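Q:
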Amino acid sequence: GESVGLHLPTLSVQEGDNSIINCAYSNSASDYFIWYKQESGKGPQFIIDIRSNMDKRQGQRVTVLLNKTVKHLSLQIAATQPGDSAVYFCAENSGGSNYKLTFGKGTLLTVNP
Amino acid sequence: DAGVIQSPRHEVTEMGQEVTLRCKPISGHNSLFWYRQTMMRGLELLIYFNNNVPIDDSGMPEDRFSAKMPNASFSTLKIQPSEPRDSAVYFCASSLGQVGSSGEQFFGPGTRLTVL
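For the protein sequence lines, the chains are A and B, in the order given.
Numbered as in the working numbering, the first sequence ends at 150 without a single skipped number.
Numbered as in the working numbering, the second sequence ends at 127 without a single skipped number.
1. By how many angstroms is the C-alpha of Phe-85 of chain B removed from the C-alpha of Ser-38 of chain B?
2. Any idea what DSSP makes of Arg-47 of chain B, helix, strand or coil?
3. Taking DSSP as the reference, what is the three-state secondary structure of Asp-74 of chain B?
4. Taking Gly-53 of chain B as part of the beta strand (DSSP E), name the residues at either end of that continuous run.
5. Just the chain A side, please: which residues come within less than 8 Å of Ser-42 of chain B by C-beta, in chain order?
6. Helix, strand or coil for Asp-67 of chain B per DSSP?
7. Suppose the cutoff is 6 Å on Cβ atoms and the five residues either side in sequence are ignored; what does the same chain contact list for Asp-67 of chain B look like?
8. Just to confirm my understanding: we take Gly-27 of chain B, look at its own chain, exclude 5 residues before and 5 after, and list those with CB closer than 6 Å. What are they?
9. Let me know the secondary structure DSSP gives Pro-36 of chain B once reduced to three states.
10. Would Pro-72 of chain B pass as an interface residue toward chain A - the criterion being a Cβ-Cβ separation below 8 Å?
11. Taking only beta-carbon positions, decide if Pro-120 of chain B is within less than 8 Å of chain A.
12. Are Tyr-152 of chain A and Ser-69 of chain B closer than 8 Å when you measure CB to CB?
13. What is the rounded straight-line gap between the Cα of Ser-40 of chain A and the Cα of Phe-44 of chain B?
14. If the cut-off is 9 Å on Cβ atoms, which residues from the segment 100-132 of chain A count as contacting chain B, listed in chain order?
15. Can you find a C-beta in chain B that's less than 8 Å from the C-beta of Gly-96 of chain A?
16. When the Cα of Gln-48 of chain B is compared with those of B:Val-15, B:Ala-104, B:Gly-14 and B:Asn-62, which residue comes out closest?
17. Please state whether DSSP places Asp-86 of chain A in a helix, a strand or coil.
18. Looking only at its chain, what residues have a beta carbon closer than 8 Å to the beta carbon of Pro-150 of chain A, apart from the 5 residues adjacent to it on each side?
19. Can you round the beta-carbon distance between Glu-119 of chain B and Gly-143 of chain A to whole angstroms, since I take them to be within the 8 Å contact cut?
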């Protein structure tokens, strides 16, 4: 799994499998979390977000789970496709009038056809 | 909507030269962020503005770096003098920046800077 400040981990999966990317955050005051996807040569792109009053949120083929007790966030990608190959970042925001996001180092997902 | 626009997309310069990176945020967004991305350090926030006012510049590496936002539709990040260790991809991002709104930030395509 990934944690803010650690080295970039990698995950390799077969096309069609489900992928789970993990992220540990450090600020217990954070109340908003985002997952971003960054393809080679492009800027990070929003995938899904979740607020701290929720523990699960689903999108199209993606699900984010939040466990505030252990300060853990995960991104699940169903039926992973080659186009999902990218670096995935989690980001946290401590809320209020602070609009700053703190990004993790990212996880490289490689999908093998 | 054209999204966040950055220019130039690529910049190659020699050590000691001045470099200016430009950003046009999404219209209506009140917050603007400058990031630097390298393999070694990942994505680092350099500075962010809200309503054209710098709010947090604690990530600016040193005095060689400066950023301005003269109006709601334009920002610059300047490095003077540039050094090889400044080589990185620089991203600009914008968000609505309103209390209660989503904190989602929209990123531009980045400027790849190479300092020789």
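Note that beta-carbon positions come from the ideal geometry of N, C-alpha and C, so glycine has one too.
Everything numeric in this text was worked out from a predicted model, so none of it was measured.
A: So, from the listed chains and residues:
1. As a position in the second sequence, residue 38 of chain B is number 27, starting the count at 1. As a position in the second sequence, residue 85 of chain B is number 74, starting the count at 1. Roughly 10 Å separates the two Cα atoms.
2. Sequence index remark: in the second sequence, residue 47 of chain B carries index 36 (1-based). Looking at Arg-47 of chain B - three-state DSSP - the assignment turns out to be strand.
3. Counting from one through the second sequence, the residue named residue 74 of chain B turns up at place 63. In the structure shown, Asp-74 of chain B sits in coil (DSSP, three-state: anything other than H, G, I, E or B).
4. Position 42 of the second sequence holds residue 53 of chain B. Taken as a continuous stretch (DSSP letters only), the beta strand (DSSP E) holding Gly-53 of chain B covers 53-61.
5. Within the second sequence, the letter at position 31 stands for residue 42 of chain B. Result: Tyr-136.
6. One-based indexing of the second sequence puts residue 67 of chain B at position 56. For Asp-67 of chain B, the secondary structure class from DSSP, reduced to helix, strand or coil, is strand.
7. Numbered from 1 along the second sequence, position 56 holds the residue referred to as residue 67 of chain B. Around Asp-67 of chain B: Tyr-59.
8. Taking the first residue of the second sequence as 1, we reach residue 27 of chain B at position 16. Excluding residues within five positions, the ones whose Cβ falls inside 6 Å are Pro-92.
9. The residue you call residue 36 of chain B lines up with position 25 of the second sequence. The answer is coil: DSSP assigns Pro-36 of chain B none of H, G, I, E or B.
10. As a position in the second sequence, residue 72 of chain B is number 61, starting the count at 1. Not an interface residue.
11. Within the second sequence, the letter at position 109 stands for residue 120 of chain B. Yes, contact with chain A.
12. It is not possible to answer for residue 152 of chain A, since the shown part of chain A is limited to 38 through 150.
13. As a first step, residue 40 of chain A must be located in the first sequence, where it is residue number 3. As a first step, residue 44 of chain B must be located in the second sequence, where it is residue number 33. Per-residue confidence for Ser-40 of chain A stands at a pLDDT of 40, beneath the threshold of 50, marking its modelled position as unreliable; no derived number is given.
14. Phe-126, Ala-128, Asn-130 and Gly-132
15. Reading the first sequence from its first residue, position 59 is the one you call residue 96 of chain A. No - not a single Cβ of chain B is within 8 Å of the one on Gly-96 of chain A.
16. On the second sequence, residue 48 of chain B is found 37 positions in, with the first residue counted as 1. Closest in C-alpha terms to Gln-48 of chain B, from the list B:Val-15, B:Ala-104, B:Gly-14 and B:Asn-62, comes B:Ala-104.
17. Numbered from 1 along the first sequence, position 49 holds the residue referred to as residue 86 of chain A. Per DSSP, reduced to three states, the secondary structure at Asp-86 of chain A is strand.
18. Counting from 1 along the first sequence, the entry for residue 150 of chain A is found at position 113. For Pro-150 of chain A, where only same-chain residues beyond five positions count, the Cβ hits under 8 Å are Glu-52 and Pro-119.
19. Translated into the one-based positions of the second sequence, residue 119 of chain B becomes position 108. Translated into the one-based positions of the first sequence, residue 143 of chain A becomes position 106. The sequence given here places Gly at residue 119 of chain B; Glu does not occur at that position. Their Cβ separation, rounded to whole angstroms, is 18 Å, which puts Gly-119 of chain B and Gly-143 of chain A out of contact at 8 Å.
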